[in-house]
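Structure first, commentary second.
Residue numbers (our numbering): -4 to 65.
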């Protein structure tokens, strides 16, 4: 960011905003990486949950036959 005036205060304010902008960009990049990883973890967990749910009816039927003879 270019300072609005030639004085020290303008240069300091421009530097402050420039540093803030750079820090914000780094934070946004980290947040994007975190989001991507979070989505991957949730997707994997959802698949595992769906797989377990799919197995339950068969296991319950097998348990019924073993325990109740039905």
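Note that CB positions come from ideal geometry on N, CA and C, so glycine has one too.
Whole-angstrom distance between residue j and residue i, CA atom to CA atom
{"i": "residue 41", "j": "residue 53", "result": "20 Å"}
{"i": "residue 28", "j": "residue 39", "result": "17 Å"}
{"i": "residue 36", "j": "residue 44", "result": "12 Å"}
{"i": "residue 23", "j": "residue 12", "result": "16 Å"}
{"i": "residue 25", "j": "residue 55", "result": "45 Å"}
{"i": "residue 7", "j": "residue 16", "result": "14 Å"}
{"i": "residue 31", "j": "residue 21", "result": "16 Å"}
{"i": "residue 9", "j": "residue 33", "result": "36 Å"}
{"i": "residue 48", "j": "residue 14", "result": "50 Å"}
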